[in-house]
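This report concerns only the one structure given below.
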Amino acid sequence: MFDLREPRYPWGLRVQALNNLVNDGSHPDAAPGALLVSAGDEGEIVNVGHHNEANIPVYLVEFQGGRVLGVLEEEIAPYGEVEFEDVPEEELVALAAALQAEAAAAAPEASP
0 MFDLREPRYP WGLRVQALNN LVNDGSHPDA APGALLVSAG DEGEIVNVGH
50 HNEANIPVYL VEFQGGRVLG VLEEEIAPYG EVEFEDVPEE ELVALAAALQ
100 AEAAAAAPEA SP
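According to numbering that gives the first Met the number 0, the sequence shown holds residues 0 to 111 in order.
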């Protein structure tokens, strides 16, 4: 057994997408590969779940226009934390990678 990794963000938090989010094939209302949410789009965390096998939090976020997606911590940030108009795309990619590395470092190793 392992310790449950606590979510970084609470339910009800206003967030924004860090990257363009595309359909991985799991969203029934769009073709695979279709753009679902653009980087910088805002939303609200409406539920927080947990992926047991990977021991990571999964967020259900309702984005503008009512589109609801399951996202990971490295795909969102609190609203207003990043100003997308002022940041070059390569810096956004680096920011997303840094958040991903931080989340991976914080995740405990799963026991076999």
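Cβ coordinates follow ideal geometry from the N, Cα and C atoms, glycine included. In this text the structure is predicted, and so the values were computed from the model without any measurement.
Checklist entry - For His41, which of helix, strand or coil comes out of DSSP? => result As a working mapping, residue 41 is identified with position 42 in the sequence shown. Before going further, note that residue 41 is Glu rather than His in the sequence given. Glu41: strand per DSSP, three-state reduction.
Next on the checklist: Just to confirm, is the Cβ distance from Tyr78 to Arg7 under 8 Å?
Outcome noted: The residue given as residue 78 occupies position 79 in the sequence shown. The residue given as residue 7 occupies position 8 in the sequence shown. No, the Cβ-Cβ distance between Tyr78 and Arg7 is not below 8 Å.
Checklist entry - Is DSSP giving Ala16 helix, strand or coil here? => result As a first step, residue 16 must be located in the sequence shown, where it is residue number 17. Of the three classes helix, strand and coil, the one that applies to Ala16 here is strand, per DSSP.
Checklist entry - Where does Ala104 fall in DSSP's three states? => result Looking up residue 104 in the sequence shown gives position 105. Ala104 falls in the helix class under three-state DSSP.
Item to check | Distance, Glu52 Cα to Leu17 Cα | outcome: Locating residue 17 in the sequence shown gives position 18, where the first residue counts as 1. Locating residue 52 in the sequence shown gives position 53, where the first residue counts as 1. Cα to Cα, Leu17 sits roughly 25 Å from Glu52.
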